[in-house]
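Asker:
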Amino acid sequence: METSALFQRLCLVEIRRLLMVIGVAIIVIILFQCFALPYGKGWSVSSADEDSVVMLISNPILSNSSKSSIRVFHIMTNGSDSSDLGEEARDEDEIENTDADYELSSNKIEQNDVLLKLGEMLGKSTDNTSSQEKSIETGSKHLKQVGETEILEATTSSTFGGIQSNVGTVPSVLLGISKKNGENRDRDSITSDSFFPTKVISLDHMETQTKNAELLQTISVTLNNNSTRDSISTLKRWEQSTSISQMNSLLLQSLVYSHSMPRRLSVRDRELLSAKLEIENAPRVDNPPGLYASAFRNISMFKRSYELMERMLKVYVYKEGEKPIFHQSKMRGIYASEGWFMKLIEGNKKFVVRDPRKAHLFYLPFSPHMLRTALFDHNSLNQKELAEFLKNYVDLVAKKYSFWNRTGGTDHFLVGCHDWASQMTRHHMRNCIRVLCNSNVAKGFKIGKDTTLPVTYIRSVENPLKELGGKSPSERPILAFFAGNMHGYLRPILLEYWENKEPDMKILGPMSRDIAGKRRYREYMKRSKYCICARGYEVHTPRVVESIFYECVPVIISDNYVPPLFEVLNWEAFSVFIQEKDIPNLRNILLSIPQEKYVAMQLGVKKVQQHFLWHKKPVKYDLFHMILHSVWHSRVFQMESK
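Shown next as structure tokens:
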């Protein structure tokens, strides 16, 4: 009896100890959720089926938090994991097999960019917020297959700003995964800082802004084709768009903006200030030889600025950095612009100096395209890692030389045509003059500081001017022409309205890649009055320069795109800008342009053509000199007299 009582007392003691341990563990867990997971998240994992895992997120402490679940699918193709990120220009020759489709995007999503566009709006983070700091308050998430693409979606029933929303299907983190070739079709605009590999799922929060609350109340995005136009129309009402006239205003503002200057002006600084004064007080010229005055904002100032650049400008090219990322780039294909400039500047004896103390500008000789390719081959899977690589290079330069630290990089410049160049350089190189193809004013491109690199698709390094020119205005019976793959959200809308609708509107999808298809594409451009330059995945497109190459008036349909040489050229004198929302009125807009104005614009295209051509040996006013002048112009007008 006594033994039994003793045993019971011992059991009670052990139970109390066990309960105490459990209690302490619970307290630790609660404290961890309060402090380590401050956004109202708790984690639990359960198996949904043999191919997926369901991850539940909740916080028992925060009563207002919504419970969400994400199903992670392990997608296999031919027995291999499709975690291979990136679709770098598979093969340079393969890319060049079409004139109708050479969009600058290594980050491709095959279909359903309506969802992607909304995802960008709802999930976009600010420059000072990392991808781990974004907030998402969504309901249960699932994968839905659309054609050959699978996109992560969210069915939302959450509280935003105290307002209950139940809006059907809304995308949160969007990843396009091609089942056809097992590649993850990534793009940097999915998140502002990085993309996520197949096996990595972001469970970040979405910012609970009033705009998002109202958006979730009013928008119901569906996946059937009949709703695409309405969805895009709704999205464009919520997305900020900058018109060409607003860009003009931003440029004027930048010219009078006070920039930070070194405490002590160097000899080179004083030379730049002197040049600025001369440009601002340039003698008037009306029709200088070799230039078409009507195509310029101020022909007198441009002529004087160009003359001073030829006479004064000195550039130092850093020797640091190893090939293939530095001092090497491709001169064929869709990224050719950065390669041609690098090749020509490094071989130039007129502007380049060996003594950095004599330089007004400092060139950072790396290729974003080669950086993307080289580090991707070494399993560097996101833009943050590429940006960190560039940061290390800047640190090396800053440690070895005094010039970067003296100005904070404002007298340094870089040239990049890869889509990711804008994202890779927007932090550690934000003070530099960035010459970018992806010149999206809504994504950090600074008018007046940064400048646009023309997208030139080069097929022959030996003869980059092959097939140059087009028909006269009277020999152009086609009103408008477009052909290309359905990249991005805009082009499907263009075809939905205008494909096979009017006999003089040749709005087509992708054309054949054989020799006959290429010839047919060129002939359409040479025989069309207007060539449609519709954005793809990003705002830039080779069709702008291509239209000028074939002397066809470009019709630019790409909100927020800053056209090349914007600092000096008056683009409205030789091209047409149409906002994306006005695609339904495309034909009426073009028909409303008087014939006299069209003839004047077409003449303007022929006259500015010289500024968009590469030459193996640079000539006056060609593209090499015009890009260099844009950098010179930007630096000169950054200067502020003491």
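Here the UniProt record's numbering is used: the first residue of the sequence shown is 1, the next is one more, and so on.
Positions of the beta carbon are idealized from the N, C-alpha and C atoms, including for glycine.
1) Among residues of its own chain, excluding the 5 on either side of residue 526, which ones have a beta-carbon nearer than 6 Å to its beta-carbon?
2) Please classify residue 304 as buried or exposed, where buried requires at least 16 other C-beta atoms within 10 Å of its C-beta.
3) Looking at residue 432 and residue 448, is the spacing between their C-beta atoms short of 8 Å?
4) With DSSP collapsed to three states, give me the class of residue 504.
5) Between residue 537 and residue 417, how many whole angstroms is the CB-CB distance? I'm expecting something under 8 Å.
6) With a Cβ-Cβ cutoff of 8 Å, do residue 481 and residue 501 count as a contact?
7) So what's residue 461 in DSSP terms, helix, strand or just coil?
8) Out of curiosity, what's the CA-to-CA distance linking residue 406 and residue 398?
9) Can you say whether residue 255 is buried or exposed, counting buried as having 16 or more other CB atoms within 10 angstroms of its CB?
10) Measuring CA to CA, which of 333, 444, 515 and 445 is closest to residue 460?
11) Using CA atoms only, rank isn't needed, just tell me which of 475, 20 and 429 is closest to residue 387.
12) Taking 6 Å as the limit between beta carbons, can you name the residues of its chain near residue 614, skipping five residues before and five after?
13) By Cβ distance, which residues of its chain are closer than 7 Å to residue 240, with the 5 residues on each side in sequence left out?
14) What number of angstroms, rounded off, separates the C-alpha of residue 473 from the C-alpha of residue 574?
15) Mapping the DSSP letters down to three states, classify residue 434 as helix, strand or coil.
16) Go ahead and pull the three-state DSSP assignment for residue 528.
17) Taking the straight line between their C-alpha atoms, what separation do you get for residue 553 and residue 512?
18) Along the chain, where does the alpha helix (DSSP H) containing residue 427 start, and where does it finish?
19) Are the Cβ atoms of residue 436 and residue 452 separated by less than 8 Å?
20) Taking 7 Å as the line, does the beta carbon of residue 609 fall inside it for any heavy atom of the ligand GTP?
21) Looking at residue 528 and residue 643, is the spacing between their C-beta atoms short of 8 Å?
22) Excluding sequence positions up to five away, which residues of its chain have a Cβ less than 8 Å from the Cβ of residue 331?
23) Might you give, ordered along the chain, the residues of its own chain that have their beta carbon closer than 8 Å to the beta carbon of residue 346, omitting 5 neighbours on each side?
24) Looking at residue 643: is its Cβ nearer than 8 Å to the Cβ of residue 360?
25) When you compare the CB positions of residue 570 and residue 295, do they come within less than 8 Å of one another, or not?
26) Alpha carbon to alpha carbon, what distance is there between residue 610 and residue 581?
27) Do residue 299 and residue 288 come within 8 Å of each other at the CB atom, strictly closer than that value?
28) To the nearest angstrom, how far is the alpha carbon of residue 637 from that of residue 631?
29) Terminal residues of the continuous beta strand (DSSP E) containing residue 363?
30) Can you give me the C-alpha to C-alpha distance between residue 394 and residue 308, rounded to a whole angstrom?
31) With burial defined as no fewer than 16 other Cβ atoms inside 10 Å of the residue's Cβ, what is the status of residue 25: buried or exposed?
32) Enumerate in chain order the residues of its own chain whose CB-to-CB distance from residue 43 is below 6 Å, with the five nearest sequence positions on each side excluded.
33) What is the rounded straight-line gap between the Cα of residue 12 and the Cα of residue 23?
34) Just to confirm the assignment, what range does the beta strand (DSSP E) spanning residue 480 have?
35) If you draw a straight line from the alpha carbon of residue 421 to that of residue 19, how long is it in whole angstroms?
36) Compare the beta carbon distance of residue 490 and residue 530 with 8 Å and say whether it is the shorter of the two.
Answerer: Reading off the structure:
1) As a first step, residue 526 is located in the sequence shown; it is residue number 526 there, counting from the start. Closer than 6 Å at Cβ, skipping near neighbours: 470, 471 and 550.
2) As a working note, residue 304 is residue 304 in the sequence shown. Residue 304 should be labelled buried.
3) The residue given as residue 448 occupies position 448 in the sequence shown. The residue given as residue 432 occupies position 432 in the sequence shown. Not in contact: residue 448 and residue 432 (Cβ atoms no closer than 8 Å).
4) By 1-based counting over the sequence shown, the position of residue 504 is 504. DSSP places residue 504 in coil when its eight states are reduced to three.
5) Reading the sequence shown from its first residue, position 537 is the one you call residue 537. Reading the sequence shown from its first residue, position 417 is the one you call residue 417. Not a contact, Cβ separation roughly 14 Å.
6) In the sequence shown, counting from the first residue as 1, residue 481 sits at position 481. In the sequence shown, counting from the first residue as 1, residue 501 sits at position 501. The answer is no: Cβ separation not under 8 Å.
7) If you number the sequence shown from 1, residue 461 lands on position 461. Three-state DSSP puts residue 461 in coil, outside helix and strand.
8) Position 406 of the sequence shown holds residue 406. Position 398 of the sequence shown holds residue 398. Roughly 9 Å separates the two Cα atoms.
9) Start at 1 with the first residue of the sequence shown, and residue 255 comes out as number 255. Looking at its Cβ environment, which holds fewer than 16 other Cβ atoms inside 10 Å, residue 255 is exposed.
10) Counting from 1 along the sequence shown, the entry for residue 460 is found at position 460. From the listed residues 333, 444, 515 and 445, the smallest Cα separation to residue 460 is found for 333.
11) In the sequence shown, the residue the question calls residue 387 occupies position 387. Ranking the options by Cα distance to residue 387, first place goes to 429.
12) For the purposes of this step, residue 614 is taken as residue 614 along the sequence shown, with counting starting at 1. Once the five neighbours on either side are set aside, the close Cβ partners of residue 614 are 340, 464 and 623.
13) Here residue 240 is taken as the residue at index 240 of the sequence shown, counted from 1. Correct list, in chain order: 442.
14) Here the question's residue 473 lines up with position 473 in the sequence shown. Here the question's residue 574 lines up with position 574 in the sequence shown. In this structure, the straight-line span from the alpha carbon of residue 473 to that of residue 574 is close to 14 Å.
15) As a working note, residue 434 is residue 434 in the sequence shown. Strand, per DSSP.
16) As a first step, residue 528 is located in the sequence shown; it is residue number 528 there, counting from the start. Three-state DSSP puts residue 528 in a strand.
17) Translated into positions along the sequence shown, residue 553 becomes position 553. Translated into positions along the sequence shown, residue 512 becomes position 512. Our two residues, residue 553 and residue 512, have alpha carbons roughly 24 Å apart in a direct line.
18) On the sequence shown, residue 427 is found 427 positions in, with the first residue counted as 1. Here residue 427 belongs to no alpha helix (DSSP H), and DSSP marks it neither H nor E.
19) Numbered from its first residue, the sequence shown carries residue 436 at position 436. Numbered from its first residue, the sequence shown carries residue 452 at position 452. With contacts defined as CB atoms closer than 8 Å, residue 436 and residue 452 qualify as a contacting pair.
20) The model on display carries no ligand, and the ligand GTP is accordingly not part of it.
21) One cannot answer for residue 643 here, as it falls past the ends of the chain, which runs 1 to 642.
22) Residue 331 sits at position 331 when you count from the first residue of the sequence shown. If you ignore the 5 residues before and after residue 331, its C-beta comes within less than 8 Å of the C-beta of 339, 340, 343, 458 and 461, all in its own chain and listed in chain order.
23) Taking the first residue of the sequence shown as position 1, residue 346 is located at position 346. Setting aside the 5 residues that flank it on each side, residue 346 is surrounded in the same chain by 317, 327, 352 and 365, each with a C-beta closer than 8 Å to its C-beta; the list follows chain order.
24) Given that the chain is displayed from residue 1 to residue 642, the structure contains no residue 643 and the question cannot be resolved.
25) Residue mapping note: residue 570 aligns to position 570 of the sequence shown, counting from 1. Residue mapping note: residue 295 aligns to position 295 of the sequence shown, counting from 1. Taking a C-beta distance under 8 Å as the contact criterion, residue 570 and residue 295 qualify as a contact pair.
26) By one-based count along the sequence shown, residue 581 stands at place 581. By one-based count along the sequence shown, residue 610 stands at place 610. In this structure, the alpha-carbon of residue 581 lies about 32 Å from that of residue 610.
27) Your numbering for residue 288 matches position 288 in the sequence shown. Your numbering for residue 299 matches position 299 in the sequence shown. Contact: yes.
28) Position 637 of the sequence shown, counting from 1, holds the residue named residue 637. Position 631 of the sequence shown, counting from 1, holds the residue named residue 631. Residue 637 and residue 631: Cα-Cα distance of roughly 10 Å.
29) On the sequence shown, residue 363 is found 363 positions in, with the first residue counted as 1. Taken as a continuous stretch (DSSP letters only), the beta strand (DSSP E) holding residue 363 covers 361-363.
30) Indexing the sequence shown from 1 puts residue 394 at position 394. Indexing the sequence shown from 1 puts residue 308 at position 308. The alpha-carbon separation between residue 394 and residue 308 amounts to approximately 30 Å.
31) Position 25 of the sequence shown, counted from the first residue, corresponds to residue 25. Exposed, because fewer than 16 other Cβ atoms sit within 10 Å of the Cβ of residue 25.
32) Along the sequence shown, read from residue 1 onward, the residue named residue 43 stands at position 43. Note on residue 43: pLDDT 43, under 50, position unreliable in the model; the coordinate value appears next. Hits under 6 Å: none found.
33) In the sequence shown, counting from the first residue as 1, residue 12 sits at position 12. In the sequence shown, counting from the first residue as 1, residue 23 sits at position 23. The alpha-carbon atoms of residue 12 and residue 23 are separated by roughly 16 Å.
34) Mapped onto the sequence shown, residue 480 falls at position 480. 478-482 is the extent of the beta strand (DSSP E) around residue 480.
35) The residue labelled residue 421 in the question sits at position 421 within the sequence shown. The residue labelled residue 19 in the question sits at position 19 within the sequence shown. Rounded to the nearest whole angstrom, the C-alpha separation of residue 421 and residue 19 is 57 Å.
36) Within the sequence shown, the letter at position 490 stands for residue 490. Within the sequence shown, the letter at position 530 stands for residue 530. The Cβ atoms of residue 490 and residue 530 lie no closer than 8 Å to each other.
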